[in-house]
Every structure is written in structure tokens, then in C-alpha cells.
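Start counting the sequence shown at 1; every next residue gets the next number (full-length UniProt numbering). Every residue, glycine too, gets a C-beta built ideally from N, C-alpha and C.
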Amino acid sequence: MRKVQISVRRLVEFVLRSGSIDNRMTSSDRALEGTKIHQLLQKEAGEEYVAEVSLKLERIVDGIAFSLDGRADGIINDQMIDEIKTTETPMEEITEDFRPLHWAQLICYGFMLAEKSDLAEVTLQLTYYQVSDKEVKQFQRVMSREDMGAFVDDLLSKYAIWAKASAAWEMKRNKTIQELTFPYDNYRSGQRELAIAVYRTVASEESLFCEAPTGIGKTMSTLFPSVKAMGEGKTDKLFYFTAKTITRQVAEDALDEMRRKGLAARSVTITAKDKICFLDERKCEPDHCQFARGYYDRLNEALFDMLQTEEAITRPIVESYARKYTLCPFELSLDVALFCDVIVCDYNYLFDPVVYLKRFFAEALGKYTFLVDEVHNLVDRARSMYSATLKKSLVMQVKRGLDSKKNKRLLNAINAMNKEMIALNKKLKDLEKTIYVQKDELGDWNASVLKFTFVAKEWLPQNAQSESQADVLELYFESLRYIAIAEFYDERYVTQVTRSHGDLEIKQLCLDPAFLLSEKLKLGSSSVLFSATLRPIDYYTNVLGGQEDTSRMIFSSPFKQKNMHLLVADYISTKYQMRENSMEAVVDALYALASGKKGNYLFFFPSFLYLQKVYDLFKEKYPNIRSQKQETAMDEEQREQFLESFQAGNEESLVGFCVLGGVFSEGVDLRGERLVGAAVVGVGLAQLNHESDLIKDYYNETIGRGFDYAYQIPGMNKVLQAVGRVIRGESDCGVVLLIEERFSADRYRALFPAHWNHAKTVKSTDDISREVAGFWQNR
Numbered sequence: 001m002r003k004v005q006i007s008v009r010r011l012v013e014f015v016l017r018s019g020s021i022d023n024r025m026t027s028s029d030r031a032l033e034g035t036k037i038h039q040l041l042q043k044e045a046g047e048e049y050v051a052e053v054s055l056k057l058e059r060i061v062d063g064i065a066f067s068l069d070g071r072a073d074g075i076i077n078d079q080m081i082d083e084i085k086t087t088e089t090p091m092e093e094i095t096e097d098f099r100p101l102h103w104a105q106l107i108c109y110g111f112m113l114a115e116k117s118d119l120a121e122v123t124l125q126l127t128y129y130q131v132s133d134k135e136v137k138q139f140q141r142v143m144s145r146e147d148m149g150a151f152v153d154d155l156l157s158k159y160a161i162w163a164k165a166s167a168a169w170e171m172k173r174n175k176t177i178q179e180l181t182f183p184y185d186n187y188r189s190g191q192r193e194l195a196i197a198v199y200r201t202v203a204s205e206e207s208l209f210c211e212a213p214t215g216i217g218k219t220m221s222t223l224f225p226s227v228k229a230m231g232e233g234k235t236d237k238l239f240y241f242t243a244k245t246i247t248r249q250v251a252e253d254a255l256d257e258m259r260r261k262g263l264a265a266r267s268v269t270i271t272a273k274d275k276i277c278f279l280d281e282r283k284c285e286p287d288h289c290q291f292a293r294g295y296y297d298r299l300n301e302a303l304f305d306m307l308q309t310e311e312a313i314t315r316p317i318v319e320s321y322a323r324k325y326t327l328c329p330f331e332l333s334l335d336v337a338l339f340c341d342v343i344v345c346d347y348n349y350l351f352d353p354v355v356y357l358k359r360f361f362a363e364a365l366g367k368y369t370f371l372v373d374e375v376h377n378l379v380d381r382a383r384s385m386y387s388a389t390l391k392k393s394l395v396m397q398v399k400r401g402l403d404s405k406k407n408k409r410l411l412n413a414i415n416a417m418n419k420e421m422i423a424l425n426k427k428l429k430d431l432e433k434t435i436y437v438q439k440d441e442l443g444d445w446n447a448s449v450l451k452f453t454f455v456a457k458e459w460l461p462q463n464a465q466s467e468s469q470a471d472v473l474e475l476y477f478e479s480l481r482y483i484a485i486a487e488f489y490d491e492r493y494v495t496q497v498t499r500s501h502g503d504l505e506i507k508q509l510c511l512d513p514a515f516l517l518s519e520k521l522k523l524g525s526s527s528v529l530f531s532a533t534l535r536p537i538d539y540y541t542n543v544l545g546g547q548e549d550t551s552r553m554i555f556s557s558p559f560k561q562k563n564m565h566l567l568v569a570d571y572i573s574t575k576y577q578m579r580e581n582s583m584e585a586v587v588d589a590l591y592a593l594a595s596g597k598k599g600n601y602l603f604f605f606p607s608f609l610y611l612q613k614v615y616d617l618f619k620e621k622y623p624n625i626r627s628q629k630q631e632t633a634m635d636e637e638q639r640e641q642f643l644e645s646f647q648a649g650n651e652e653s654l655v656g657f658c659v660l661g662g663v664f665s666e667g668v669d670l671r672g673e674r675l676v677g678a679a680v681v682g683v684g685l686a687q688l689n690h691e692s693d694l695i696k697d698y699y700n701e702t703i704g705r706g707f708d709y710a711y712q713i714p715g716m717n718k719v720l721q722a723v724g725r726v727i728r729g730e731s732d733c734g735v736v737l738l739i740e741e742r743f744s745a746d747r748y749r750a751l752f753p754a755h756w757n758h759a760k761t762v763k764s765t766d767d768i769s770r771e772v773a774g775f776w777q778n779r
């Protein structure tokens, strides 16, 4: 008999959902104010009130053994069950039938209590707490065990249709997985070993950090064994997390390769809301968007259609069904994900505390495997996700747009925020500083932000036509994020107040995201975190939430070492204070590289300013070499045009000047003659800045390696990524030139991968020319 475990909340929301998407109603009730209010009301209820009671129910309906679970807010005198709901809706608008789903949830809990305690009837109490006015309104119903049971059985019967379809799909999927063989004729060097390690990690429900250099085939090496483990019941669902669209495409391609070998597996790729939205101006409200209006009324029909027809649910597929059924494409991708075996998406859908996929990760629903690609990018992304900023300019923009007579409560809340900002601004002026940092959080400021979220949440749906609505909504969401981050604030944070260009910025800065990342990784039963460059691996294990006993593996490059000629020009210093003096030497070294063989080259620099200066001098001194440069704000079309210039068989050489760590320094695949060489100018250190110095100070205090963790290792990873653009396939050949004296220092040589141990030092442009010519003569 098919067994299905489901929570009361998920059952009720899935079967009875109706109506529209409305961002104005978006809330983090439970996370922000809900829990504290629940605790307050539960405490005030007296000794007879037993809070947070776990309930379970086993029930066979339509041939399915359901295991229903949930947590009741309170049980009173063993025969009354209480459900607490926080709201910003005015009390006079709250009637007994205010939210039918609330009663449905309560009836389920009531029946579970009746079954557990053998009660003939149960008193159901629905408690509403109005957050702004701090008022309570309660409604009671008495229901018989028989009536509640019939209600629950009806819900389960409606859900059983979907459960049976899922069971049939799972049987089909598992059969194809058992018959699935590796989709290529042969394993590449290191690929089989990586696949075995991933399978063992998934099967043993552990974690693995892995450096898998370009050419091993890390996408297939992680997806294939994970799919095989899923077919054996060792995991329920795979999540493939990555930072870039192009890598998501690679994951889709790998799944398609397995499908061509007979695999039946549903996958969905989740595209960011702003990118996939059909509207020119995204406004997720039923009055503004036809795809939001009545969304839940049409959703289940669309889902059933998709699931009967599609396996590879890519962006175009999502968009086609969204248009067919007039549904929000972003929300549709999230809803269909519940029925998919593999979910391909950005990091933030797991790690971001505000936008993470609550439908999967707010409750423990199964055994999930997390495959986290390009994980070297997660360090900075995580610090950003776990930090939050509010600016005075936005607060004042909202304040100026409001009518003082019509919006008194909202203005009072905004004025309270502004008052705290004025005080902080005065403090900076008194200290004669533009930046102020403290380890403790700003309690009074945080309280004013929280108060604003309560008032704004009530104001927004009541003022849908206000000209200030968009500004208030923006400040509301920024404030929600700020308060959400405040929940994590501890010794790993500092608060930074900055005065700049007439504005005041208050930032909760996460210095060390490791603990928060580790908590997120625990939501999966297994995780594999991997990248082509993960060196030193102990650093990444430490900063990305690994433990001392977490498994680590480093694989060798599968490419022949002799195919990449690596030169180190340590006779040139590119330290900040030396750049003007050494610029001509840099230009001459670059020319020596590019003139050695007709072809395409990429030159990488630590900043746009430095790039521009070298570019100008290079064009002036060597106009015979065709050159182009990365601009500061290139859109997707401009990026594609830039890369399209790098074609095999160009009639003349082409050099591209790019920023280290930018869009062209990783994820770019210029195979064969499309790229024959690259140069990296400098060791990739970020320009000294206040936030990096705070990170340096933190790691100096905690482990004594501040400079390494804040500057050196992140910089060197950018170098490794840039160099990785040159050799993309087994037959590729090319020359790499590292320009900077520090590349010969032990602390940097220690970060060179093993396949760089043939690096050759050059002391002049003549040396470079001679080495380049010699390399190509032997090809």
C-alpha cells in the first residue's frame, strides 16, 4: 500500500487553495512577529493551556495510508484546541468566516486530538491577534468526532488523486533509473572516482567538498550517481544549485543526456521572478496582473496537464503553460517543483533567509540531496544574503510622498525610523567620522523598523491605488529583510553606519556565514559542494559550513600538462603604488604574449580603472593588435557580442581586456582556436576597503588568518578561474602569463594547483617572446 506523509498545513493549502497572488499580503508572520505573539498568548492563557502540541494521525483513504502530522498552538483542558493567527486586518473586518482555510486547519487538528484522546466532540477555538492594536478576537465551534473525520477524509480523498499519480510516476521513474547506464562510452580521467564518491555521500547521508578541475565532467559526475541513488530510495529529491544561468543550462543538458539513455525523471529549472515575469513592470497584485488574478483557481488544472505531458520543464515550457492557463510563470515553476525529481535553481532558493523555498525547507518533508556547483562563488553570495541594509534616502522618499492627514499611523512609524537615523547621523558628525561600527545591534533602531513593518502591512492592501504604494512596498520589503537578518545577529555580525553623498546607510554585516550555511545544509540529508577551483579546500570547508570531519577530495586535471605553457613574469610589480611606474612594462609583456602567435587572447585586471589605463596605453603603443574591452555595465546582448568576436580563424589577432572576477573570467567556454592565451595582471587582491578589513579583523581574532581569508585566498581564486578559460578540452593548447612579482612568493605558490608545478619564471619581454615562440613551434 502506498504510504504518504503530509502536514496538515500543506494538505489544507493544496486541496482548498483559491483566489489570487497578492504581494501586498506577503508576510513572514511566523518568522517575524508570529512566534513571539504566540508565546505571549500561550503564557497568558494559564496553566490549563498546553502549548505547541504535536499531533499525528494514521488514516487509510482510497487505498493510501496517510500519515498526517501537525502542531497545534494549544490544547485547553484536554478537550479544546486553539489555533492562533496573527493579522494586520482591522478587527471589525474579521468575522467567523474570515479565512476558511484557518477553520480547515483547526478541524484537522480537532479530529487528530479526538482520535488521540478518544473524544466524542472537540471545541475548536480560532484566536485572531491584531498586531498593530494588540487586540484579540476569538471564535468557537463544537464539532463531533464523526463530522471532523468526514471533513478530513474528504480532504485526503481529494489529495489521493495526486498521491496516486505521484506513486505511479515514482514506479516508472525508479524502473528507468535501475536500467540506466552511464550516458557516455567512457569515463574521463577522475570522473568515475568522483561519481563513486558522490554516490557514497548520498547513500551514507553525509557531506562532501570537492575540487573537480575543468574537463572531468563534474555536472554529470554529480547528477548521474545522485539519480542512481534516488532510484534506490536513498534520496527523494535532487536540488542542483548554481550561481549562473549558463551552468543551469549545463545541468539541463546532462539530464537530457540521461533521458536519451532511457531515464524518466521530471526536472524543473527555476528562473528568477524578474527575468521570467511577463509584465514590463512587475507588480504581483490581482488588480494589476492578470497572471496573478485568480491564480489558485486555475493552478491545479495546469499542474495536472503539465505532469501528464512534460519531463524537462525548462523556462520555455513553464512560460508556455503559464500563458495557456494565464498563470504567473514564476509561481507556476515553484508549484510544479513539488512534483519534480530534480530542481535546478540559484543558490538563494536554499540559502537566502527571505526567498528560500519555504514549501520545501520550512518543514522537513523528505530526504533531499543538495548538489552545489561553482561553490567558490557562495562565500561572497552568502555574506550578501545574510547581510541587510536600509538607507535614509528611501525612508525620506516614502515620507515625502505621504499625505500627513490621511496616513498618520504610517507617518508616525516612518518618523520613528527617521528619528533614530538623525541620532546616528549626529553621532557620526560628533565623532568626525563617515563610518561607525559596533559589535552590538542597534536595539532602538531595530524596534522602529519592526514597528514600521506592522503598520505598512496593514496600510498596503488598504491603499492599493495610492501614488505612494510602490515606494511604501519597497521600504516594506527592505525592512522585512532587515528584521529577518536581525534574527541571526550574533558575534559573527557587526553593525556599520555609513555617511556618504548626503545619505545615511545602516547595515547589518555578516562577517562569517559558515554557521548559517551549515544550518541550511542540514535541511538536506546529503550535500556535495564542488567547483573547478576550491583551493585551499580547508578554507572553503571552513567558511561554507563544513565540519572538521567533513569529507574533502581534490582531483587532478584530466588535461595534459604540456598543453598549457605557464609563465610567471615576476620582474614586474603591479602593487597599487607601483602601477603607474610599471604600466609600460605590463603593456610590453602583454604584447610579447599576443605577438607570439596569431590568435585570440584575454587579459585580466583587478579593476576597471587599471584596465582602462593599460588598454589606452596598449592601443597607443601597439595599434597593429586589434583590441576590445569589457565595459562597466554590459547587458546580455553586449556580452554575447563581446564573446562572438573570439572566433577561430580570425584574420588578425584579437585581445580582450577584462576584469578579474567579472563575467568573462569564469563560465566562459572558448574552446580550441577561439582562445589561445591569457594573461592575469596582479594576484587578484580586492582594493583595500572597510568591509574587507572588518572581515580580516574578525578572522584575525578567531583563527589568526585575517589577510588570507579576507584578501589573499579570494583573490587567488579569481586568478585560478581566469586561467581556467584557456584549456577547455583535451586538444586545447595555450599560453598563460601571470604578471606580478608576488606570484613567485611562497604564500602564493602554495595556492598553485598541482598541474601548475611546471610554471616557468621569465625575467624580461625577450624571455616571454622566446618562451611563447618555442611553445608554439613544438605544437
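Helix, strand or coil at residue i [DSSP, three-state]
i	result
R30	Its pLDDT being 40, under 50, R30 is placed unreliably by the model, and nothing is read from it.
S518	helix
M564	strand
R141	strand
I177	helix
F608	helix
S527	strand
F339	coil
M553	strand
T761	strand
F657	strand
K56	strand
L119	coil
L68	strand
D538	helix
R770	helix
D185	coil
Residues near residue i in its chain [Cβ-Cβ closer than 8 Å; skip 5 each side]
i	result
V663	Q630, M634, R639
I276	R315, V318, E319, P329, F330, S333
Close beta carbons around residue i, own chain, < 6 Å, minus the five adjacent residues each side
i	result
E257	P183
V250	T219
S393	D503
T498	I435, E505
A167	R2
Whether residue i touches residue j by CB criterion (8 Å)
i	j	result
M716	G667	no
L675	R725	yes
L255	S267	yes
residue 787	L590	Given a span of 1 to 779 for the chain in the structure shown, any question on residue 787 remains unanswerable.
residue 816	L208	Shown here, the chain extends from 1 to 779; a query on residue 816 therefore has no answer.
Q721	T533	yes
I81	G110	yes
V375	F530	yes
F239	Y386	no
W459	V449	no
E146	L57	no
With 16 other Cβ atoms within 10 Å as the buried cut-off, status of residue i
i	result
N581	exposed
I60	exposed
A470	exposed
I703	exposed
F291	buried
A594	buried
L431	exposed
D512	buried
Proximal residues to residue i (C-beta, below 7 Å), its chain only, five neighbours per side dropped
i	result
K520	L350, F351
N377	A243
Taking contact to mean at least 3 C-beta pairs separated by less than 8 Å, is the region 120-138 in contact with the region 68-88?
yes
Examine the Cβ distances between the region 537-553 and the region 737-745 and report whether three or more of them are shorter than 8 Å.
no
Do the region 4-18 and the region 51-68 meet, that is, are 3 or more Cβ pairs less than 8 Å apart?
yes
Contact between the region 727-735 and the region 692-699: three or more CB pairs below 8 Å?
no
Taking three-plus beta-carbon pairs below 8 Å as touching, is the region 478-489 in contact with the region 505-513?
yes
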